[in-house]
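Visitor: Residue numbers (the working numbering): 429 to 670.
Don't be surprised by glycine CBs; every beta carbon is placed ideally from N, CA and C.
Because the structure is a prediction, the values reported are computed rather than measured.
Got a structure here, written out as C-alpha cells. Questions coming.
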Amino acid sequence: MSPPGSSPSNAPGRVLEARWLGLVEYGRAVGLQERLVPLRRSCRIPDQLLLLEHPHVITLGTGSSDGHILVTEEDRSRLGIEIHRSRRGGDVTYHGPGQLVGYPILDLKPDRKDLHGYLRDLEEVLIRTLRRWGIRGRRVEGLTGVWTEAGKVAALGVRVSSGWITSHGFALNVHTNLDYFGTIVPCGIPDRAVASMEGLLGTAPPMSEVRLEVARQLAEVLGAAVEEAEGLPGELDGEGED
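So, in C-alpha cells, the structure goes:
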C-alpha cells in the first residue's frame, strides 16, 4: 500500500465525485451507501464522497456497548435523539446539525488494501483540513480520530466490504452543539473531551468552505481529481437531498 497521505502511483485519471446532500436522516444515509457500494464494486460509478449533516442521532458501531449511552429512552425522546446500530467499526458516537459527516465510497484497490492505512489517510485529510483554518490537529497513539489541545474534533468509523469498497467514514465537529455528547461516552473513551472548530476559533467557519476543503484534501490524498456533483448517480439521483 502507499504510505498514509501519499498519492497512489498507479491511478491515472482517478476521479472523486463529491456530493453535498444537506440534512439527511441517518437510516436513509445508510441505505444510500448500501446501494452505492455495489455500483462502485462493479465500476459503474467512480469514487464517491457523500457530504452531509444528520439530525440528532446516536449510533453504535460494531465495538460499542449499550452502557456507553448515558440517557434514558425518555430523555432521548425529549431531546429528539434517534438511536441506530451501525455496521461501521468503532464504539458509540453522536451526530447532529453543525457536524460535517463524510461517507467515502471508494475502491481501495490496487494499492490501498489496508484498513489501518485507510484510517490514517482519513485522519490526514482531516488534519490538513483543520490546518487550513490554523488549527493544529493531531493523532493520539492507540486511538482513532483527530485531536486538538481542547479535545477530539473528528471521529472515524468505517466499513470495508468485499472487493475493498469502503463505506461509512468520518464526522468533523464544525459548529456542533457539544452538549449532546454528554448523552454518551464518546467513542467509549470516558476521560477525553470533545471539541469543535467553532470553539477552537471563536467563530464557526462556513460549512460550505469546510466541505469543499475536505473534498479537496481527500482527492489530494487519493491522487484523484475532485468533481463537485449534484444529487446522486444514476437511478439514485434525487434521493436524500434536503
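#1: Alpha carbon to alpha carbon, how far is Thr611 from Pro618? Give it in angstroms, no decimals.
#2: Mind listing, in chain order, the continuous alpha helix (DSSP H) runs of no fewer than 4 residues lying wholly within the stretch 463-519?
#3: Which residue wins for smallest C-alpha separation from Asp503, given the options Arg620, Val485, Glu453 and Thr490?
#4: On the CB-based measure, 16 or more other CB atoms within 10 Å of its CB, does Asp475 come out buried or exposed?
#5: Can you tell which of Trp575, Glu481, Ala578 and Arg559 has the C-alpha that lies nearest to the C-alpha of Tyr531?
#6: Taking the continuous beta strand (DSSP E) assigned at Thr557, which residues delimit it?
#7: By DSSP's criteria, Pro532 is part of a beta bridge. Which residues make up the other side?
#8: The beta strand (DSSP E) spanning Ser636 covers which residue range?
#9: Verify whether the separation of the beta carbon atoms of Asp539 and Ile593 is less than 7 angstroms.
#10: In terms of residues, what are the limits of the beta strand (DSSP E) holding Gly693?
#11: Using C-beta distances below 8 angstroms, list every residue in its chain close to Arg564, excluding the 5 sequence neighbours before and after it, in chain order.
#12: Is any non-hydrogen atom of the ligand MN found closer than 6 angstroms to the C-beta of Ala623, if you look at the structure I gave you?
Guide: Let me lay it out:
#1: Here residue 618 is taken as the residue at index 190 of the sequence shown, counted from 1. Here residue 611 is taken as the residue at index 183 of the sequence shown, counted from 1. Roughly 12 angstroms between the two C-alpha positions.
#2: Those alpha helix (DSSP H) runs which fall completely within the stretch 463-519 and span 4+ residues are 501-507.
#3: The sequence position of residue 503 within the sequence shown is 75, counting from 1. Taking only the C-alpha atoms, the option nearest Asp503 is Val485.
#4: Looking up residue 475 in the sequence shown gives position 47. Burial call: buried.
#5: Looking up residue 531 in the sequence shown gives position 103. Checking every option, the nearest Cα to that of Tyr531 belongs to Glu481.
#6: The residue given as residue 557 occupies position 129 in the sequence shown. Element bounds for Thr557: not the beta strand (DSSP E) but the alpha helix (DSSP H), Leu543 to Arg560.
#7: Within the sequence shown, residue 532 is the residue found at index 104, counting from 1. Leu477, per the DSSP bridge assignment.
#8: Position 208 of the sequence shown, counted from the first residue, corresponds to residue 636. First-last for Ser636: Met635 to Leu650, but that is the alpha helix (DSSP H), not the beta strand (DSSP E).
#9: Within the sequence shown, numbered from 1, the residue matching residue 539 stands at position 111. Within the sequence shown, numbered from 1, the residue matching residue 593 stands at position 165. At the C-beta level, Asp539 and Ile593 stay beyond 7 angstroms of one another.
#10: Beyond the ends of the chain as shown, which are 429 and 670, falls residue 693; an answer cannot be given.
#11: The count along the sequence shown starts at 1 and reaches residue 564 at position 136. Taken in chain order, the residues that qualify are Leu558, Thr576 and Glu577.
#12: In terms of ligand content, the structure shown is empty, and the ligand MN therefore cannot be addressed.
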